[in-house]
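In the working numbering, the protein residues as written are 36 to 136. Following: one structure in structure tokens, then a few remarks.
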């Protein structure tokens with residue numbers, strides 16, 4: 036597991052960090068984004084509707100079968116997560132010397 040914690044669906048599989056590589060963490064992430072300037076009330080409604088659907092037992096079961104741990108961050112938290120990931124991977128790309136061809 037490259038994530039920071041073990042997956043609920045695979046609790047016996049250790050993370051890379053637990054396997055001797057501390058500080059190694061790469062998370063898969065799925066999310067819903069809206070265009071900049073989307074009215075806050077629309078974002079709030081979308082977030083609420085998505086959260087309601089994700090909590091439905093049949094949806095939860097399907098996500099768990101796909102080894103997806105659901106995290107329902109507030110829109111502001113998700114924006115912060117995206118910003119931190121962009122910064123992290125920008126440092127990795129810069130350190131690697133990779134160039135667009």
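Built from N, CA and C at the ideal position, the CB exists for glycine as well.
Cβ neighbours of residue i in the same chain (closer than 7 Å, five flanking residues each side left out)
i: residue 55; result: none
Contact set for residue i: own chain, Cβ-Cβ below 6 Å, skip 5 residues either direction
i: residue 51; result: 37 and 59
i: residue 62; result: 38
Helix, strand or coil at residue i [DSSP, three-state]
i: residue 40; result: coil
i: residue 57; result: coil
i: residue 136; result: coil
Own chain partners of residue i with C-beta closer than 8 Å, once the 5 adjacent residues on each side are dropped
i: residue 45; result: 36 and 102
i: residue 113; result: 66
i: residue 105; result: 89, 95 and 98
Integer Cβ distance of residue i from residue j, believed to fall under 8 Å
i: residue 68; j: residue 86; result: About 16 Å separates the two Cβ atoms, so there is no contact after all.
Enumerated in chain order, which unbroken segments of the alpha helix (DSSP H) with a length of 4 residues or greater are wholly contained in the segment 83 to 134?
-> 92 to 100 and 110 to 131
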